[in-house]
Each structure stands twice: as structure tokens, then as C-alpha cells.
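Participant: Numbering that gives the first Met the number 0 applies: residue 0 is where the sequence shown begins, and numbers increase by one. To start, I am sharing the structure in question, which I have written as C-alpha cells.
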Amino acid sequence: MLAGPLTSTEFRRALGHFATGVTVVTVERDAGFVHGMTANSFASVSLDPPLVSVCVDHRARLLPLLKEKQRFGVNVLRREQQAFSEFFARIEQDGDTQERLGVKFLWTDQKIPLLENVLCQLSCKLSGLHAAGDHSIVIAEVENAKFFDGEPLLFYRGQYHCISEKP
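Structure below.
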């Protein structure tokens, strides 16, 4: 039984027991330049219409870009793409490191940058923003989805994992 008020550290540790996939949300920053953010607070919301959600910290550079551009990508990472997750988790994202890691983008007709060679690519249109504590819940309609064979990168208890066997 829990006693006393829950601290943010305890809350983070508790939720770390819920394994998630790892996504990178990508949006055009300036003409031809991309900003991305690693997110594991991603979920399906609705099948009809197809809606997803991702939670973004109010201080994140991504949030004003999503509001401005209205369209963005959600990319589900493969098991071998931990370096991509770590890169897009950083505040500063320099082109040299991006090139060294082999990060490449495909561009949709709607100017949505999607990561190449990921497990799944979703082209999204902003549908709603809802303030929730220190984050905003971003709701988006999925306009297009492509998915490929492979295994996902997972995050559990503060570490990266992959599927090693079926239960």
C-alpha cells in the first residue's frame, strides 16, 4: 500500500513498469530541416476516424512546431534504432550527428518528414491539443500509414529492450 503523497520520481518509476514501444515524432522545422522528439507516451485513440495521441511537455520545442505546421510524422523504431531514440531525445539535434547515425527522411506531398527504415510510419494531421498538467495531449488524425517487417525497440524500467521470445 502506498503511503503519503506520490513524488514525481516515484510516479516515473511506477510507470516505468509499463513496457512501451519507442516512437520519434517528426515535423518540418524550416524549409527542408527536421525537428524530432522521442516519445513513448504514444497511443491509439480511435479507429473511426483513425486517431492517435502523443503527450508533449509544454517546454518542448516540438509543441509550437506542431501548432504551426499542423502536420507531422510518427515513426515506430526498430530494435536496432536505439541510437535514433537517444539522438531525438536530445534538445540540440545537429546535422553532423544525424548524418553519422544514418538518419534519413522521406518527405510526403504534405511536407511531412518520415524516418526511413523504421517499423511503421504514420502521416498525421493535428486534430486537437489538450492541456494536461505539465504536458499537452496532442490528438492527430492518421492520414496515411505504412508498416514493415521487423521487431520493435521497447522501453521498460528506464532501459531499452527487444522481444527475445514469446511467452
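Using N, Cα and C, we set each Cβ at its ideal position, and we do this for glycine too.
In chain order, what residues of the same chain have a beta carbon less than 7 Å from the beta carbon of Leu-62, not counting five sequence neighbours either side?
Facilitator: Contacts found: Val-55, Ser-135.
Participant: Identify the continuous beta strand (DSSP E) that holds Gln-120 and give its terminal residues.
Facilitator: Unbroken beta strand (DSSP E) run through Gln-120: 119-131.
Participant: Assuming Pro-151 and Val-75 are in contact, meaning their beta carbons sit under 8 Å apart, how far apart are those beta carbons, in whole angstroms?
Facilitator: Right, their Cβ atoms sit about 6 Å apart.
Participant: How is Pro-63 classed by DSSP in three states: helix, strand or coil?
Facilitator: Pro-63: helix per DSSP, three-state reduction.
Participant: At 4 residues or longer, what runs of the alpha helix (DSSP H) sit wholly inside the segment 63-113?
Facilitator: With a minimum length of 4 residues, the continuous alpha helix (DSSP H) runs that stay inside the segment 63-113 are 81-87, 94-100.
Participant: Note the first and the last residue of the continuous beta strand (DSSP E) segment covering Thr-22.
Facilitator: Here the beta strand (DSSP E) through Thr-22 covers 22-27.
Participant: According to DSSP, is Met-0 part of a helix, a strand, or is it coil?
Facilitator: Low local confidence applies: a pLDDT of 49 at Met-0 is under 50, so the model's placement there is unreliable, with the coordinate-based value given in what follows. Correct three-state label for Met-0: coil.
Participant: So for Ala-13, helix, strand or coil by DSSP?
Facilitator: In this structure, Ala-13 counts as helix in the three-state DSSP scheme.
Participant: Taking the CB atoms as reference points, tell me whether Val-26 and Leu-121 lie closer together than 8 Å.
Facilitator: It is not a contact, given that the beta carbons lie outside the stated cut-off.
Participant: What span of residues does the beta strand (DSSP E) with Ala-42 cover, start to end?
Facilitator: Counting along the chain, the beta strand (DSSP E) containing Ala-42 begins and ends at 41-45.
Participant: Just the Cα atoms here: how many angstroms apart are Lys-103 and Phe-10?
Facilitator: So the two alpha carbons sit approximately 35 Å from each other.
Participant: Could you give the distance in angstroms between the alpha-carbon of Ala-88 and the alpha-carbon of Met-36?
Facilitator: So the two alpha carbons sit approximately 6 Å from each other.
Participant: Note down the Cα distance separating Pro-4 from Leu-153, rounded to an integer number of angstroms.
Facilitator: Looking at the two C-alpha atoms, the distance is approximately 30 Å.
Participant: State buried or exposed for Ile-90, treating a residue as buried only when at least 16 other CB atoms are found within 10 Å of its CB.
Facilitator: Counting Cβ neighbours within 10 Å, Ile-90 comes out exposed, since fewer than 16 surround it.
Participant: Please report the straight-line C-alpha distance between Phe-17 and Arg-156, rounded to a whole angstrom.
Facilitator: Going from the Cα of Phe-17 to the Cα of Arg-156 covers about 8 Å.
Participant: Apart from the five residues just before and just after Met-0, which ones in its own chain have a Cβ nearer than 8 Å to its Cβ?
Facilitator: The pLDDT assigned to Met-0 is 49, lower than 50, so where the model puts this residue is not dependable; a value taken from the coordinates is nonetheless given after this. No residues qualify anywhere along the chain.
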